[in-house]
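In my numbering, the protein residues as written are 4 to 336.
Think of the CB as a built atom: it goes at the ideal place given N, C-alpha and C, for glycine as much as any other residue.
If you're wondering where the values come from, they're calculated on a predicted model, not measured in any experiment.
Below is one structure, written out as structure tokens; the observations come after it.
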Ligand SMILES: Nc1ncnc2c1ncn2[C@@H]1O[C@H](COP(=O)(O)OP(=O)(O)OP(=O)(O)O)[C@@H](O)[C@H]1O
Ligand SMILES: [Mg+2]
């Protein structure tokens, strides 16, 4: 099994079936415990719907924060759920697991990923750094000597990397990504309208009218939340240009991150990038106009991975199929 254990979504890829799971990285547990409710089944979509609505005694948890495991027991429960659900039904032997992990995780964190996966029922665990998995999944020739750049804007983190010879030549990992866009929207609406909105509402606003660059037609949207002063439910209308203003700071930080990785890239590889350009991956990259904003700022060609949301999982699938050849580039248990 190949797993993209994302802050926002967990994707599972199997060798003979391709993408078999794509679920929110959310778990509902009894408060203060790691006991998953609904008999261990409240993981993913089932738990996502309970967000912000759970009664007392039940907590809806995202066990990964900013790309790393924030709550080990619950993350493990989540991995166990997927391993049992997908692998358990058809096999008796424990699966090999390829897990994509964020760039820049340290030795202790890597150990923790491996331990959690082993306790959750894996036989051998291989860790691959996400930018490499994303590059493989996007069809980049990551083992070539020619350099290429991948920018994966996920929920919690943005990983920016120049790849060559199956390795990461220069890279950075920013704690600014899709979630930061949502948070900027929540803040804007609180400050501008005295209205508190939840994370799901913020995400809806981002997807429907959010943008990084001026639009041909500007849009507006009705937003519902709780009045900050009176405490009562209230609605208001927001429009796309003010949301763009709210998003400009996190967008600027991502552009700045790309700039700094380019500055730290050896000149030979920089020269390659004038040909290979920048490949965007991750759900956060789908913010309207973000590709063009980056293209204009960097003066490099910007294209999307064919499947921006699944290319990391797809990359773990490529690895599963070529473990012999690629094992030397992986971190193993
Ligand atoms: N059409 C869209 N427009 C804007 N943002 C989107 C769109 N679709 C998804 N997103 C955002 O993409 C983010 C999730 O992306 P992705 O699934 O790549 O993250 P992840 O891999 O779980 O996170 P990470 O890599 O940080 O651990 C969320 O913030 C989501 O709101
Ligand atoms: Mg990701």
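Margin query: What residue range does the alpha helix (DSSP H) around residue 229 cover?
Written below: Element bounds for residue 229: not the alpha helix (DSSP H) but the beta strand (DSSP E), 223 to 230.
Item checked: Every unbroken alpha helix (DSSP H) within the stretch 160 to 220, with a cutoff of 4 residues, ordered by chain -> 181 to 196 and 202 to 212
Next item on the list: Measure the beta-carbon distance from residue 239 to residue 196 and round it to whole angstroms, keeping in mind my assumption that it falls under 8 Å.
Entry: 5 Å
Next item on the list: Tell me whether the beta-carbon of residue 32 lies closer than 7 Å to the beta-carbon of residue 51.
Entry: no
Item checked: residue 157 Cβ short of 6 Å to ligand 2 heavy atom set -> yes
Check: Based on the DSSP output, what are the partners of residue 335 in its beta bridges?
Finding: 129
Next item on the list: Quick one: using the 10 Å Cβ neighbour count with 16 as the cut-off for buried, is residue 250 buried or exposed?
Entry: buried
Margin query: Just checking residue 287 against ligand 2 - is the residue's beta carbon closer than 6 Å to any of the ligand's heavy atoms?
Written below: no
Item checked: Cβ pair count under 8 Å reaching 3, the stretch 36 to 51 against the stretch 161 to 169 -> no
Note to self: Quick test of your reading: residue 79 and residue 123, contact by CB under 8 Å. State the CB separation rounded to the nearest angstrom.
What the structure shows: 5 Å
Check: Sorted by chain position, which residues of the same chain lie with C-beta nearer than 6 Å to residue 132's C-beta, five sequence neighbours on each side aside?
Finding: 106
Check: Residues in its own chain within less than 7 Å of residue 268 by CB, not counting five upstream and five downstream?
Finding: 165, 172 and 173
Next item on the list: Figure out for me which residue from 227, 191, 158 and 282 has the closest Cα to the Cα of residue 353.
Entry: It is not possible to answer for residue 353, since the shown part of the chain is limited to 4 through 336.
Item checked: Nearest-angstrom beta carbon gap, residue 120 and residue 100 [assumed within contact, 8 Å] -> 5 Å
Check: Where do the ends of the beta strand (DSSP E) carrying residue 319 lie?
Finding: Segment 314 to 324 is the alpha helix (DSSP H) holding residue 319; no beta strand (DSSP E) there.
Checklist line | Status (buried if at least 16 other CB within 10 Å, exposed otherwise) for residue 125 | finding: buried
Next item on the list: Following the continuous beta strand (DSSP E) through residue 114, name the residue where it begins and the one where it ends.
Entry: Unbroken run through residue 114 is the alpha helix (DSSP H), 110 to 122; no beta strand (DSSP E).
Next item on the list: Please report the Cβ distance between residue 198 and residue 230, rounded to the nearest whole angstrom; I am assuming they are in contact, meaning their Cβ atoms lie under 8 Å.
Entry: 6 Å
Check: If you compare alpha carbons, which of 60, 226, 110 and 108 is closest to residue 192?
Finding: 226
Next item on the list: Kindly indicate which three-state DSSP category residue 284 falls into: helix, strand or coil?
Entry: strand
Next item on the list: Drop a sphere of 10 angstroms on the beta-carbon of residue 339, count the other beta-carbons inside from all chains shown, and report buried for 16 or more, exposed for fewer.
Entry: Residue 339 cannot be examined here, being either before or after the span of the chain that is shown, 4 to 336.
Check: Between residue 127 and residue 98, what straight-line distance do the alpha-carbon atoms span, to the nearest angstrom?
Finding: 7 Å
Note to self: Checking the sheet assignment: what are the DSSP bridge partners for residue 22?
What the structure shows: 16
Margin query: Can you tell me whether residue 99 is helix, strand or coil according to DSSP?
Written below: coil
Checklist line | Bounding residues of the alpha helix (DSSP H) (the contiguous stretch that carries residue 263) | finding: 243 to 266
Checklist line | Closest residue to residue 273 among 217, 254, 152 and 114 (Cα-Cα distance) | finding: 152
Margin query: Give me, in chain order, the residues of the same chain whose beta-carbon lies closer than 8 Å to that of residue 322; leave out the 5 immediate sequence neighbours on both sides.
Written below: 5, 101, 129, 131, 136, 139, 329 and 333
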